[in-house]
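Student: Could you have a look at this structure, given as structure tokens, before my questions?
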Amino acid sequence: MQEQRRVKITETTLRDGHQSLWATRMRLEDMLPIVEKMDKVGYHSVEVWGGATFDVCMRYLNEDPWERLRILKKHFRRTPLQMLLRGQSLVGYTHYPDDVVEAFVHKSVENGIDIIRIFDALNDIRNMEAPMRHAKNAGAHVQAAIVYTISPVHTMEHYVETAIQLAEMGADSLCIKDMAGLLLPFKSRELVTMIKEKVDLPLQLHTHYIGGMAVGALLKGVEAGADIIDCAALPLAFGPSQPPVETLVRAFSDTPYDPGLDIHRIFEITQYFEDLRKRLGYKRGITGLNDMLVFDHQVPGGMITNLITQLEEQKARHRLNEVLNEMPKVRADFGYPPLVTPTSQIVGTQAVLNVLTGERYKLVPGEVKGYVKGLYGKPPATIRQDLVTKILKDDKQIDCRPADLLEPAMDRVRREMGPLAQSEEDVLSYALFPQVALKFFDYRKNPQAHVVAPIVQNQEDPPAPLPGGDQSATLRGKAQKEDMKVNVQEIKELIQVLNGTDIAELQVECDGVKVAIRKGSAIHAPATAPVMVSAPVAVASAPAAEAAAPAPKPAADQAKNPNVVAITSPMVGTFYRAPAPDARPYVEKGSKVDTGSTVCIIEAMKLMNEIEAEIKGTIVDILVENGAPVEYGQTLFLVEKA
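See below:
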């Protein structure tokens with residue numbers, strides 16, 4: 001008889017489940033009625049925090065993420081609480097200084113986190129060193145994750161070597177993190193077997209259902225020796241989420257791996273989330289044709305949602321398949337980065353730009369330049385040298401750990417916030433998301449002055465799904481796009497908040513127009529810091545003007561003078577004449593330009609795109625106002641050829 005080896009289960013509904021399917025919109029009030037019942041099931045852990053939940057709590061739900069964690073800890077008296085940490089990026093989208101990492105990790109543990117799963121998007125373990133060390137010092141269980149993907153350089157030997165290094169760095173357990181659902185069942189068995197032979201640590205499997213392989217991958221992985229698996233409650237499973245806990249508990253029953261959980265109690269929890277799903281109007285997770293093609297394009301389901309949203313903004317949704325075909329090519333050019341935050345956004349947006357402009361790398365956003373420079377870490381393989389030269393020009397790649405370029409920030413942030421911070425947790429919220437945190441603090445001080453929109457999806461007349469696509473993804477994309485709007489009244493409220501603090505400058509966005517609210521001199525990150533490059537912004541010194549009308553057609557002198565050539569916008573976006581609010585414009589009337597000279601920036605898809613002159617000549621007219629929206633093909637400048 002085979003020896004009993006019960007598999008353990010981490011329940012992901014309260015973090016990755018609703019992040020994958022509901023755009024992270026589950027409120028604390030939605031969780032509390034069921035958490036004590038979840039606590040009694042006997043799960044290995046419950047994932048409740050990290051990933052996008054921190055940002056979304058404040059930005060869209062007007063909840064304090066720290067308070068959410070503290071309350072959940074009071075109700076989960078038996079089950080350890082787990083979170084996801086993006087290495088040096090914590091729960092954000094850029095690298096933070098080491099002192100911010102240390103403070104955040106310690107406060108996370110102090111407020112209730114027991115297990116911290118730490119990963120780096122590039123598997124660059126240098127970006128995991130500080131978070132792992134501080135998590136260990138804070139008394140948390142440190143789970144080091146290996147991001148799984150498929151490429152010529154991501155061999156089984158590569159993963160095993162990474163596992164050995166993470167174990168030597170002090171990991172208490174390891175996790176294979178398969179964010180795109182690419183781990184095939186028999187590959188799962190092979191990889192788990194190889195890691196378990198070399199590393200004597202508990203091994204957890206995390207995958208997503210999207211391509212249909214997840215249940216098989218977990219079954220084969222457990223058979224090969226995996227100790228723990230991730231699952232979600234059925235109403236928040238399938239599609240881009242995890243496989244359902246109900247299925248896996250049944251599958252392992254009456255086997256040596258039987259988790260020993262009460263399936264009837266689990267179904268009581270399932271019924272609660274099913275009723276909640278119906279009340280909030282969310283679709284179940286499904287797998288569409290484009291999702292089944294994940295093994296070709298390797299794009300995670302949630303990322304397809306973002307691509308659809310980007311293409312809709314550019315009035316080019318019908319070109320999704322072209323973008324999906326371009327993605328693997330860009331990924332190969334960039335050294336095969338795994339497609340997980342933030343590298344998925346970097347690769348995805350560049351693929352969109354390549355398709356829409358009709359020329360590969362004609363437009364390169366600032367984030368892509370930062371990636372090529374090395375500001376996110378070391379790519380798994382060498383980036384094409386001709387691309388490095390084209391994108392960086394005279395700039396050089398770095399070979400150090402990106403955070404080594406960052407100055408300590410906590411003391412500065414404490415001084416900036418002054419009495420506005422009620423706790424060290426407030427300081428950390430502001431350090432990670434300054435604009436979002438300030439708005440939330442203002443709401444917290446006077447909630448009656450703010451109207452919180454209900455998180456309800458309308459299923460009566462949903463948009464038609466993309467052929468072969470995921471209708472629920474379309475709904476989520478639409479909800480996210482609507483939530484990102486900021487109105488003028490909110491800007492006025494932020495100005496009032498700013499006046500009562502020592503904060504020098506704050507950037508906000510209103511219906512696609514970015515605005516800087518400034519007093520005194522701002523403190524900027526060094527140019528070499530690995531931060532997400534923001535688009536230029538207009539300074540708010542007067543009430544916001546109405547959006548500018550489309551620029552006029554090229555002037556009459558263009559028709560009369562064959563030497564006058566138009567520079568047109570290659571995309572829908574916002575036009576900026578300068579790289580920053582207080583910087584000089586790239587060009588004025590009469591400016592001389594060479595081929596390749598930057599003449600302006602178009603902010604599109606939340607990224608900054610430099611527009612270059614394609615001929616040598618003189619700027620004879622500027623036809624668009626700074627900060628104005630522009631359409632595809634709209635004339636921006638007239639240039640007289642030299």
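Using UniProt numbering, the first residue of the sequence shown is number 1, and each one after it goes up by one. For every residue, glycine included, the Cβ atom is placed at its ideal position computed from N, Cα and C.
#1: Within 10 Å of its beta-carbon, does LYS283 have 16 or more other beta-carbons around it, so buried, or fewer, so exposed?
#2: By Cβ distance below 8 Å, which residues in the same chain neighbour SER591 in space, the five residues on each side in sequence not counted?
#3: Beta-carbon within less than 7 Å of ARG6's beta-carbon, same chain only, minus the 5 sequence neighbours each way: which residues are those?
#4: With a CB to CB cut of under 7 Å and the five nearest residues on each side skipped, what residues in its chain are close to GLU610?
#5: Can you find at least 3 beta carbon pairs, one from the region 162 to 175 and one from the region 389 to 398, that sit closer than 8 Å?
#6: Do you know whose CA, among ASP262, HIS208, GLY239, lies nearest ARG250's CA?
#7: Note down the Cα distance separating ARG360 from ILE383, rounded to an integer number of angstroms.
#8: In the DSSP assignment, the beta strand (DSSP E) including ASP258 goes from what residue to what residue?
#9: Tell me where the beta strand (DSSP E) around THR598 begins and ends.
#10: Here's a check: name, in chain order, each residue in its chain whose Cβ is nearer than 6 Å to the Cβ of VAL56, leaving out the five neighbours to either side.
#11: Tell me whether GLY348, by its Cβ, gets closer than 8 Å to a heavy atom of the ligand HEM.
#12: Grouping DSSP H, G and I as helix and E and B as strand, with all else coil, what is CYS231?
#13: In the structure shown, what three-state DSSP assignment does ASN609 receive?
#14: Let me know the secondary structure DSSP gives ILE9 once reduced to three states.
#15: Using the C-alpha atoms, what's the distance from GLN350 back to SER344?
#16: Using the DSSP secondary-structure output, state which residues sit across from TRP49 in a beta bridge.
#17: Quick one: grab the DSSP three-state call for ARG68.
#18: Could you check the C-alpha separation between GLN19 and PRO240 for me, to the nearest Å?
#19: In the DSSP output, what is THR207 paired with across the bridge?
#20: If distances are taken between C-alpha atoms only, which option among VAL352, ILE210, ASP64 comes closest to LEU307?
#21: DSSP three-state label for PHE76, please.
#22: Looking at the structure shown, is ARG331 part of a helix, part of a strand, or coil, going by DSSP?
#23: Which word fits GLU407, buried or exposed, when buried means at least 16 other C-beta atoms lie within 10 angstroms of its C-beta?
#24: Going by C-alpha distance, which of PRO379, VAL347, ALA604 is nearest VAL368?
#25: Could you check what DSSP says for LYS592 in three-state terms: helix, strand or coil?
#26: How should VAL639 be labelled, buried or exposed, when 16 other C-beta atoms within 10 angstroms of its C-beta is the threshold for buried?
#27: Under 8 Å, with one C-beta from each stretch per pair, do the region 228 to 244 and the region 185 to 196 reach the 3-pair mark?
#28: What number of angstroms, rounded off, separates the C-alpha of SER89 from the C-alpha of HIS95?
#29: In angstroms with no decimal places, state the Cα-to-Cα distance between ALA135 and VAL427.
#30: So what's HIS141 in DSSP terms, helix, strand or just coil?
#31: Just the Cα atoms here: how many angstroms apart are LEU248 and GLU268?
#32: Buried or exposed for PHE637, going by 16 or more other Cβ atoms inside 10 Å?
#33: Assign VAL153 to one of two classes, buried (16 or more other C-beta atoms within 10 Å of its C-beta) or exposed (fewer than that).
#34: Can you tell which of GLY374, TYR60, ARG117, MET417 has the C-alpha that lies nearest to the C-alpha of PHE440?
#35: What does DSSP give as the partner residue(s) for GLU640 in the beta ladder?
#36: Which whole-angstrom value describes the C-beta separation of VAL572 and LYS315, a residue pair presumed to lie in contact below a C-beta threshold of 8 Å?
Tutor: Answer, in terms of the structure:
#1: buried
#2: THR618, ILE619
#3: TYR257, ASP258, PRO259, GLY260
#4: THR598, ILE601
#5: no
#6: ASP262
#7: 15 Å
#8: Per DSSP, ASP258 belongs to no beta strand (DSSP E) and is neither H nor E.
#9: 598 to 604
#10: THR24
#11: By its list of ligands, the structure shown contains no ligand whatsoever, and the ligand HEM lies outside what it can speak to.
#12: strand
#13: strand
#14: strand
#15: 10 Å
#16: MET83
#17: helix
#18: 9 Å
#19: ASP178
#20: VAL352
#21: coil
#22: helix
#23: exposed
#24: VAL347
#25: strand
#26: buried
#27: no
#28: 4 Å
#29: 19 Å
#30: strand
#31: 16 Å
#32: buried
#33: exposed
#34: TYR60
#35: VAL564, THR618
#36: 7 Å
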